[in-house]
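Engineer: Handing you a structure now.
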Amino acid sequence: MNNETSSTDHKNLLHLYLPILTWLPKYKSSWLRHDLIAGLTIWAVLVPEAMAYAGIAGVPPIMGLYTIPIPLFLYAIFGTSRTLVVGADSAACLISASAVGALAACGAAEYLALTTAMAIAVGVFLIVFGTLRMGWIADFISIPVMAGFLEGVVLVTIIGQVPKLFGIDCDGGNFFEKLLVIIRGLPDTNLTTLALGVGSIVLIFVVRRYVSKLPAALTTIILSIVAVSALDLTTKGVDVVGTLSTGLPPMSLPDASLMDYMAVVPGALAIVLLGYIETVGAAAGAASKEGGRIDPDQELFALGTANLGAGLSSGFVVAGSLSKTSVAMGAGGKTQISHVVSAIFAILTLLVLMPLFTNLPEATLAAIVIVLMVGFDQTAKLKKAMKFSRTEFALSMVCFIGVLTLGVLQGVGLGVVLSLLVLIKKACRPGTAVLGRVPGERKYYRDIRRRPDAETIPGLLIFRFDARLIFFNCNFFASAVTRCIAKAGEPVKTVLIDAEAMNDIDITGADRLIKLNTELSRRNIVMFLSHVRDPLRDKMHRMGVVDAIGSGHIYETTRDGVDAFVASRNALPAVGEGAGRDDPVKSA
């Protein structure tokens, strides 16, 4: 029996870390035709996008193609989504370029090695986080902050591609510096390059709108290559990618030292955070449409292996893509077999088709990036944030402006830091309320700020604290109680703490509660507690809170506490009318 249990446990563990063992045995032969068609469709999207995104990362287009096959193979093995496509990602490429560009000159051998090292570092971090089941790291950036960051990425990416569109040179700098350089360089525009670039943009939109069955980017690349070759546009100053090496991706570690890896860690962590958020979002979106379930922790591991594979095959960072996944789903893809098919086609491209890309104009690749970036516009999300939360909208705008002025990596850091500060502030200053009884109801007590008709009881303050009572909010708790006592219309004789939301307490919180009870006792104010759940009561027993307050002052419900207060007042000769004892508010 023990051997059977052990065998089952090992099998479950294998299926946990190798999801392919779960879905592949259930594969239906009728799905193969759909996966083959979807695989070809995904390939038609991945190839031009990978070559175009290589420009964002600051590396040759061939590295974009190296980035395709191995990550697709590895995600198919380790990923939990049946349809998620991993590949080059604009935000990740831009962060990589920003971080690596601060360490080496763009285009240098060291730059290429560091770009590959970045993918390996990202892969290692993701695998470690996935093994430790740290999927919660995606919670560090809110949707508005992410929207602000992405909107900044859209503009920075577009402005980085505009010089290629105009055929002019543009040095580094932030968004506004690049914009100024472009404006000054407009007189040097190569009109042939501009016509080719703008024509590529128009062609992509036309194909998408009127011939949607054709892959717009790949069609545009083919026609632009034909145009450059037929009209000999290279003699008119049109820049092309040139001769690309034919063959399989070189499998090796980059020529980078340990210090080089340490230098790319900040950028790698930023990519880990943002890449994982995008991947999980895309996988969850696909699962909601196609059915199935994803494991966020395993997605960390799967994305890690994909990045590690990209780095070991001389590529750059990858992430899950909602847009590419939507293409796969729209093409009828059923499983990751479609992505394996895409990877095989990518390998065939590297082995056979590379000479065809020699006359591919840089302006066309820039056009593809610009069109893709327009599709990532975050204006709708920012408007929603502005409508519902000024604080979150302000955070998104700070992150947006940070990306434009400070840089992409710095903008990410700023967004994360601000999100954490807001989170800390909210944790240190949780919600509080003074409660009153709802008219006509004896057992319902509500926040008097939201229910002006709620009736308070003279001499009794019912105070609710909407959080755990722990070290970073306990002083705020005590101050809030003291302020509410000071604002009461009549002298407070009893404070009833509604602890329904106070599901935990630590040593510092317990000590502050005891001190507050002592301070109130000196002022002849009694402290009651209500809705103290058993785990919390046990902790209060161990920490001396119950002994300090008195077990007789801890009540099951707020109504019980109110009844006890009214009974104590009615027991005094000065307020000993007996007529209204059934109604605490009236008798008070």
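So the mapping is simple: our numbering equals the position in the sequence shown, first residue as 1, plus 494.
Every residue gets a Cβ at the ideal spot worked out from N, C-alpha and C, and that includes glycine.
1. Please specify which runs of the beta strand (DSSP E), each continuous and at least 3 residues long, are wholly inside the stretch 704 to 757, giving them in chain order.
2. Drop a sphere of 10 angstroms on the beta-carbon of W537, count the other beta-carbons inside from all chains shown, and report buried for 16 or more, exposed for fewer.
3. By the 10 Å Cβ neighbour count, where 16 or more other Cβ atoms means buried, how is P985 classified, buried or exposed?
4. If I'm right that V675 touches V902 with Cβ under 8 Å, what's the distance once you round it to whole angstroms?
5. Do you know how far the Cα of Y1049 is from the Cα of H1035?
6. Looking only at DSSP bridge pairs, what is F855 linked to?
7. By the three-class DSSP mapping on this structure, what secondary structure does L597 have?
8. What is the DSSP secondary structure of M628, reduced to helix, strand or coil?
9. Can a CB atom of chain D be found closer than 9 Å to the CB of K1009?
10. Suppose you measure from the CA of V639 to the CA of P849; what does that come to, to the nearest Å?
11. So, under 8 Å CB-CB, G896 and L908 are touching, yes? Tell me the CB distance rounded to an integer number of Å.
12. Can you have a look at G824 and say buried or exposed, based on whether 16 or more other CB atoms are within 10 angstroms of its CB?
13. Could you tell me which whole beta strand (DSSP E) segments of length 3 or greater appear in the stretch 987 to 1057?
14. Assuming V811 is part of the beta strand (DSSP E), what are its boundary residues?
15. How many Å lie between A948 and R977 at the Cα?
16. In terms of residue numbering, what span does the beta strand (DSSP E) encompassing L954 cover?
17. From the DSSP output, which residues share a beta bridge with D791?
18. Using alpha carbons as the reference points, say which of Y569, D583, S584 lies closest to T577.
19. CA-CA distance, L534 and C922?
20. What did DSSP end up calling S1062 once you bin it into helix, strand or coil?
21. What do you get for Y560, buried or exposed, if any count of 16 or more other CB atoms within 10 angstroms of its CB means buried?
22. DSSP three-state call for G1070: helix, strand or coil?
23. For L727 versus L690, is the C-beta spacing smaller than 9 Å?
Structural biologist: Considering the structure as presented:
1. Along the length of the stretch 704 to 757, whole beta strand (DSSP E) runs at least 3 residues long do not occur.
2. Indexing the sequence shown from 1 puts residue 537 at position 43. Classification for W537: buried.
3. Sequence index remark: in the sequence shown, residue 985 carries index 491 (1-based). Exposed, since its Cβ has fewer than 16 Cβ neighbours within 10 Å.
4. To locate residue 675, count along the sequence shown from 1; it is residue 181. To locate residue 902, count along the sequence shown from 1; it is residue 408. Actually they do not touch by this definition, with Cβ atoms about 18 Å apart.
5. Locating residue 1035 in the sequence shown gives position 541, counting from the first residue. Locating residue 1049 in the sequence shown gives position 555, counting from the first residue. Cα to Cα, the separation comes out at about 15 Å.
6. Reading the sequence shown from its first residue, position 361 is the one you call residue 855. Reading off the sequence shown, one finds Pro at residue 855, where the question assumed Phe. According to DSSP, which records beta bridges pairwise, P855 is partnered with V734.
7. The count along the sequence shown starts at 1 and reaches residue 597 at position 103. It is coil, neither helix nor strand.
8. Looking up residue 628 in the sequence shown gives position 134. For M628, the secondary structure class from DSSP, reduced to helix, strand or coil, is coil.
9. Looking for chain D here will not work: only one protein chain is present.
10. Translated into the one-based positions of the sequence shown, residue 639 becomes position 145. Translated into the one-based positions of the sequence shown, residue 849 becomes position 355. Each residue's alpha carbon lies about 43 Å from the other.
11. Here the question's residue 896 lines up with position 402 in the sequence shown. Here the question's residue 908 lines up with position 414 in the sequence shown. Their Cβ separation, rounded to whole angstroms, is 4 Å, which keeps G896 and L908 in contact under 8 Å.
12. Stepping through the sequence shown from its first residue, residue 824 is reached at position 330. If you draw a 10 Å sphere on the C-beta of G824, you find fewer than 16 other C-beta atoms in it, and that means exposed.
13. 988 to 992, 1020 to 1024
14. On the sequence shown, residue 811 is found 317 positions in, with the first residue counted as 1. That residue, V811, is in no beta strand (DSSP E); it is neither H nor E in DSSP.
15. Counting from one through the sequence shown, the residue named residue 948 turns up at place 454. Counting from one through the sequence shown, the residue named residue 977 turns up at place 483. Between A948 and R977, the C-alpha separation is close to 20 Å.
16. The residue you call residue 954 lines up with position 460 of the sequence shown. In the DSSP assignment, L954 falls within the beta strand (DSSP E) that extends over 954 to 959.
17. What you label residue 791 is simply residue 297 of the sequence shown in a count that begins at 1. Note: D791 sits in no beta bridge, so no partner.
18. For the purposes of this step, residue 577 is taken as the residue at position 83 of the sequence shown. Nearest of Y569, D583, S584 to T577, Cα basis: Y569.
19. What you label residue 534 is simply residue 40 of the sequence shown in a count that begins at 1. What you label residue 922 is simply residue 428 of the sequence shown in a count that begins at 1. Answer to the nearest angstrom: the Cα atoms are 53 Å apart.
20. As a first step, residue 1062 is located in the sequence shown; it is residue number 568 there, counting from the start. Correct three-state label for S1062: helix.
21. Within the sequence shown, the letter at position 66 stands for residue 560. With 16 or more other Cβ atoms within 10 Å, it is buried.
22. For the purposes of this step, residue 1070 is taken as residue 576 along the sequence shown, with counting starting at 1. Bear in mind that a pLDDT of 40 at G1070, under 50, signals an unreliable position, so the number given afterwards is only what the model happens to contain. Correct three-state label for G1070: coil.
23. Counting from one through the sequence shown, the residue named residue 727 turns up at place 233. Counting from one through the sequence shown, the residue named residue 690 turns up at place 196. Taking 9 Å as the Cβ cut-off, L727 and L690 qualify as a contacting pair.
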